[in-house]
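Single-structure report; data block below.
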């Protein structure tokens, strides 16, 4: 039994694949956040440290999940021996609080970022402080509820049910926990989008910012998915609902991406890069069509053409300018401009060499 067995396990396989995909992606997302901060010329702030702590919590949770799978070798839970069942239960107990730690620090990163961006709006600041206090209270309540969900604590891994004591209803606890956590997510998204609408900037920039901040709503949606899953999938024979671990990991990964995405502006291509790239491709295609037209017209001419006037880097240049005066020209069907005078223009079968150009000038 080994890795292949774990992958083919109905419960453990999806979690293993998810960890393999999201762990390096979340790590890269957090590293890029620090790169973007350095590119932006600012020092590492509290929001960056909180994002790093959220990543650490995610990696610890994921590592404990994989360690538990390694102990059992991918066999189904009804085949566990007593030692394996106790070990995996202890690992689940150790991993559970790291979800709360991840959510606390990921949201703290966003709270600090929102405060830096929108601190001039006192109403917004009061709402942010209220949500931050609510999130801290949520963390304290749920963290200690998980730690002491069973009294005594060892009741958590009492797989035989022989130890005296009691445990909270885990489904009810998760429903209360995720309802508050997801509502905070949605409130943060709503506040950020509302503030973006007040900013004095171009409409397309506002839309982009709104989309970036709205991504945070995905974490809130996943919270309610978890509530549905825990009640839809029966927890038979005291077996821990492993499906919840899958959604925990996905929600934590989503939260990390959400708290890092707004910082990436300084490492993205400059404004207009993709539009200029598209224009470049369009111009290249037009030049190819022009060359084809030149070859066909040579059959009707007695002398060869001297070609088109040279351009620098395939882009037209304004007279008397520096490199910053290059413009990006989009070649499309608009006007026909003859390329050169032609002594055969009166020939009945002559094909006039023209190029059809529309220019959208963007000084860079």
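Residue numbers (full-length UniProt numbering): 1 to 364.
Even glycine gets a Cβ: it sits at the ideal position worked out from N, Cα and C.
Using C-beta distances below 6 Å, list every residue in its chain close to residue i, excluding the 5 sequence neighbours before and after it, in chain order.
i, result
"residue 108", "50"
"residue 23", "62"
"residue 157", "86, 89 and 90"
"residue 152", "165"
Rounded to the nearest angstrom, what separates residue i and residue j at their Cα positions?
i, j, result
"residue 147", "residue 203", "48 Å"
"residue 86", "residue 37", "45 Å"
"residue 93", "residue 120", "43 Å"
"residue 137", "residue 62", "25 Å"
"residue 254", "residue 72", "28 Å"
"residue 28", "residue 221", "24 Å"
"residue 11", "residue 243", "7 Å"
"residue 375", "residue 169", "Not covered by the structure: residue 375. The range shown for the chain is 1 to 364."
"residue 223", "residue 139", "15 Å"
"residue 184", "residue 172", "19 Å"
"residue 113", "residue 46", "9 Å"
"residue 81", "residue 13", "20 Å"
"residue 69", "residue 84", "10 Å"
"residue 20", "residue 187", "31 Å"
Return helix, strand or coil for residue i, following the three-state DSSP convention.
i, result
"residue 151", "strand"
Who are the near neighbours of residue i in its chain, counting only those whose CB is closer than 7 Å to its CB and skipping five residues on each side?
i, result
"residue 30", "51, 52, 55, 256 and 260"
"residue 274", "The predicted position of residue 274 is uncertain, since its pLDDT is 41 and thus under 50; a value taken from the coordinates is nonetheless stated next. Answer for residue 274: no residue qualifies."
"residue 189", "213, 214, 216 and 217"
"residue 57", "98, 101, 102 and 105"
"residue 125", "115 and 119"
"residue 154", "163"
"residue 267", "Because the pLDDT at residue 267 is just 49, under 50, the model does not fix this residue reliably, and the value given afterwards should be weighed accordingly. Excluding residues within five positions, the ones whose Cβ falls inside 7 Å are 32, 35, 36 and 39."
"residue 194", "none"
"residue 219", "185, 251, 254, 255 and 258"
Leaving aside the five residues before and after residue i along the sequence, list all residues of the same chain whose C-beta is less than 8 Å from its C-beta, in chain order.
i, result
"residue 44", "34 and 37"
"residue 60", "95 and 98"
"residue 133", "none"
Are at least three pairs of beta-carbons, each pair with one atom in the region 174 to 183 and one in the region 223 to 230, less than 8 Å apart?
Flag = yes, the region 174 to 183 and the region 223 to 230 touch.
Let me know the alpha helix (DSSP H) ranges lying completely inside the region 14 to 98, each 4 residues or longer, listed in chain order.
46 to 72 and 82 to 95
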